[in-house]
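Going letter by letter, the sequence shown gives residues -21 to -1, 1 to 121 in mature numbering (1 follows the signal peptide of the UniProt record, and there is no 0). Notes for the one structure printed next.
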Amino acid sequence: MKRLTLIVAACLIAAACSPQAEPAADEAANAMPAGDGMMADGKMGHMDKMGMMAPAEGDSEATRGYKASMMTMMQDMPAYSGNADVDFMRQMRGHHQAAIAMARVEIAQGQNAEAKALAQEIITAQEREIGVIDAWLAANPG
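Here is the structure:
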């Protein structure tokens, strides 16, 4: 159950970082910067999130790897098509690729045997699921 919880948490975090459609004009007008990179609604702006993922002086090799996996995911995420099924599959594929990249950082840099074992399980599961997604997308190009 712990593994499922970790996988779900990773997916939710990744979903929060995926590119979103542009807000409506009235919504954008209400989202003026409010200091410390926060928007009027208390949320961080897209550029602030991207800045947090940029390598920083003093970052460990693991932190640089995790940040790189998130930056790559954000930059490579496909645009939404409006088809819920296709968008789900395309977005989940990007999240799975980022999860694999993060798991590889854990295996290379981590010290805890349980965390490293989970990382390997994540790689195996996510690669299998990417195969399922790719087959589905080939049969359902949208």
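By construction, the Cβ of each residue, glycine as well, lies at the ideal position given by its N, Cα and C atoms. These numbers come from a predicted model, not from an experiment.
Per the coordinates, the alpha-carbon of D55 lies some 7 Å from the alpha-carbon of G73. The alpha helix (DSSP H) runs lying completely inside the region 81 to 119 and spanning 4 residues or more are 92 to 118, given in chain order.
Spatial neighbours of K95 in its own chain (CB-CB distance under 7 Å, excluding positions within 5 residues in sequence) are listed in chain order as E85, I86, G89.
In the three-state DSSP reduction, G73 falls in the helix class (H, G or I).
Under the DSSP assignment, G44 falls in the alpha helix (DSSP H) whose first and last residues are 40 to 55.
Between A77 and M32, the gap from beta carbon to beta carbon reaches 8 Å or more. Under the three-state reduction of DSSP output, A35 falls in the coil class, being neither helix nor strand.
Cβ contact annotation for V65 (same chain, cutoff 7 Å, sequence separation greater than five): N119, G121, in chain order. Per DSSP, reduced to three states, the secondary structure at A58 is coil, with no helix or strand assignment.
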